[in-house]
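Asks: Just add 55 to the spot in the sequence shown (first one is 1) and you have this note's numbering.
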Amino acid sequence: MATTDGVGTKLKLAIALNKHDTIGIDLVAMCVNDLIVQGAEPLLFLDYYATGKLDIAAGRAIIQGIAEGCRQSGCALIGGETAEMPGMYAEADYDLAGFSVGAVERDRLITGREIAAGDVVLGLASSGVHSNGFSLVRRLVDTGGHSLLAPAPFAPGISLGEALLTPTMLYVRPVLAVLKEIRLKGLAHITGGGLVENIPRVLPDGLGVEIDGSTWKAPGVFGWLAAQGVETHEMARVFNCGIGMVAIIEPKDAAQAIDILVSEGIATSQIGTVVAHTGAERVQLSQLEVAWRG
Numbered sequence: 056m057a058t059t060d061g062v063g064t065k066l067k068l069a070i071a072l073n074k075h076d077t078i079g080i081d082l083v084a085m086c087v088n089d090l091i092v093q094g095a096e097p098l099l100f101l102d103y104y105a106t107g108k109l110d111i112a113a114g115r116a117i118i119q120g121i122a123e124g125c126r127q128s129g130c131a132l133i134g135g136e137t138a139e140m141p142g143m144y145a146e147a148d149y150d151l152a153g154f155s156v157g158a159v160e161r162d163r164l165i166t167g168r169e170i171a172a173g174d175v176v177l178g179l180a181s182s183g184v185h186s187n188g189f190s191l192v193r194r195l196v197d198t199g200g201h202s203l204l205a206p207a208p209f210a211p212g213i214s215l216g217e218a219l220l221t222p223t224m225l226y227v228r229p230v231l232a233v234l235k236e237i238r239l240k241g242l243a244h245i246t247g248g249g250l251v252e253n254i255p256r257v258l259p260d261g262l263g264v265e266i267d268g269s270t271w272k273a274p275g276v277f278g279w280l281a282a283q284g285v286e287t288h289e290m291a292r293v294f295n296c297g298i299g300m301v302a303i304i305e306p307k308d309a310a311q312a313i314d315i316l317v318s319e320g321i322a323t324s325q326i327g328t329v330v331a332h333t334g335a336e337r338v339q340l341s342q343l344e345v346a347w348r349g
């Protein structure tokens with residue numbers, strides 16, 4: 056199986072700050088995290104880098120980030136393409152796309168079909184905003200008169216721009232470690248659409264989930280974003296709100312799965328339960344504000 060993805064307008068922050076060393080990690084993560092939710096181990100990665108005029112230093116930093124993302128995910132960077140397209144992009148502007156191939160034994164494929172009411176929902180912590188919702192983030196920065204070079208109010212010691220560029224968490228190796236020991240029924244990568252739109256993608260008809268926001272502590276960036284005037288439902292629809300991946304598992308296996316993920320460096324907690332549900336809103340959220348206010 057294969058996935059293709061990009062980084063979106065997070066690139067605009069990297070360009071504005073002339074900081075390109077982590078955006079390649081984002082690119083890899085957006086592809087390989089979509090593979091691991093199916094149980095597939097990423098095998099190879101290719102990149103596409105298009106720009107108005109090639110900046111050697113920026114290009115080197117971007118490719119180094121891609122290589123680091125591949126190293127952390129255990130997949131091979133086998134090639135890519137670099138294109139200069141003057142007239143299509145301003146000289147300093149660029150765009151990135153990635154393509155990754157993974158493999159899984161047919162009987163180990165994660166489809167979500169086995170999910171049942173009473174199963175446990177685990178939340179795997181995110182590192183921040185990841186790579187979705189940056190059109191809104193950039194608008195909030197601009198309309199609020201915030202400087203990307205000013206100290207981040209939620210991350211001491213670094214600028215706002217650097218904090219917002221925190222790369223997307225790579226979940227491949229931690230999830231593979233769980234899959235060696237436990238059968239996961241479903242996995243959802245929380246990308247564009249946030250919690251409310253991504254979790255239903257793995258649920259069979261007639262099921263929903265109840266999620267309790269008081270069960271995890273989100274990175275400080277989400278409290279800052281909410282304080283800029285983003286209401287709670289919009290936060291849940293646009294951002295991951297501190298949960299970058301959701302795993303659905305039988306209750307008897309939850310404690311062991313959490314132990315494995317924590318030992319692999321991913322803070323994980325039980326955040327909810329699968330329930331019978333026939334309405335339109337299949338993700339029922341309670342106390343979400345507690346995640347970024349607690």
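Glycine residues also receive a C-beta, built at the ideal position from the N, C-alpha and C atoms.
From a predicted model like this one, the values you see are computed outputs, not experimental measurements.
Specify, as a first and last residue, the run of the alpha helix (DSSP H) that Leu66 falls within.
Replies: That run of the alpha helix (DSSP H) goes Lys65 to Leu72.
Asks: Identify, in the order they occur along the chain, each residue of the same chain with its Cβ nearer than 8 Å to the Cβ of Ile311, setting aside the five sequence neighbours on each side.
Replies: The question names Ile, but residue 311 is Gln in the sequence shown. Once the five neighbours on either side are set aside, the close Cβ partners of Gln311 are Glu236 and Ile237.
Asks: Does the beta-carbon of Met140 have 16 or more other beta-carbons within 10 angstroms, so that it is buried, or is it exposed?
Replies: The residue in question, Met140, is exposed, as its Cβ has fewer than 16 Cβ neighbours within 10 Å.
Asks: What runs of the alpha helix (DSSP H), each 4 residues or longer, lie entirely inside the segment 169-229?
Replies: The qualifying runs are 189-198 and 215-219.
Asks: Give me whichever residues DSSP pairs with Glu136 in a beta bridge.
Replies: Answer is Tyr103, bridged to Glu136.
Asks: Roughly how many angstroms separate the alpha carbons of Gly134 and Gly261, rounded to a whole number?
Replies: Cα-Cα distance, rounded: 44 Å.
Asks: Name, in chain order, the residues that DSSP records as bridge partners for Ile303.
Replies: Beta-bridge pairing links Ile303 to Val176 and Gly241.
Asks: Please report the straight-line C-alpha distance between Ile80 and Glu289, rounded to a whole angstrom.
Replies: Their backbone Cα atoms lie some 27 Å apart in a straight line.
Asks: Could you pull out every unbroken alpha helix (DSSP H) segment of at least 4 residues lying fully inside the segment 103-132, listed in chain order?
Replies: With a minimum length of 4 residues, the continuous alpha helix (DSSP H) runs that stay inside the segment 103-132 are 111-128.
Asks: Is Pro97 helix, strand or coil by DSSP?
Replies: Pro97 falls in the strand class under three-state DSSP.
Asks: Buried or exposed for Thr58, going by 16 or more other Cβ atoms inside 10 Å?
Replies: Its Cβ being crowded by 16 or more others within 10 Å, Thr58 is buried.
Asks: Could you name the residues of the same chain whose beta carbon sits closer than 6 Å to that of Ser341, not counting the 5 residues immediately before and after it, in chain order?
Replies: Answer for Ser341: Asp267, listed in chain order.
Asks: Over what stretch of residues does the beta strand (DSSP E) that includes Ser324 continue unbroken?
Replies: Residues Thr323 to Ala331.
Asks: Going by the beta-carbon positions, is the gap between Val230 and Ala243 smaller than 8 Å?
Replies: Not in contact: Val230 and Ala243 (Cβ atoms no closer than 8 Å).
Asks: Is it buried or exposed, Asn73, if we count other Cβ atoms within 10 angstroms and call 16 or more buried?
Replies: Asn73 should be labelled exposed.
Asks: Based on Cα-Cα distance, which residue from Ala131, Thr77, Ile78 and Val92 lies nearest to Asn253?
Replies: For the residues Ala131, Thr77, Ile78 and Val92, the minimum Cα distance to Asn253 belongs to Val92.
Asks: Taking only three categories from DSSP, how would you classify Thr270?
Replies: DSSP places Thr270 in helix when its eight states are reduced to three.
Asks: Can you pull the DSSP bridge partners for Thr59?
Replies: In the DSSP output, where bridge partners are listed per residue, Thr59 has Phe154.
Asks: Taking Cβ positions, are Leu234 and Gly94 nearer each other than 8 Å?
Replies: In contact: Leu234 and Gly94 (Cβ atoms closer than 8 Å).
Asks: Please report the straight-line C-alpha distance between His185 and Ala210, rounded to a whole angstrom.
Replies: Roughly 15 Å separates the two Cα atoms.
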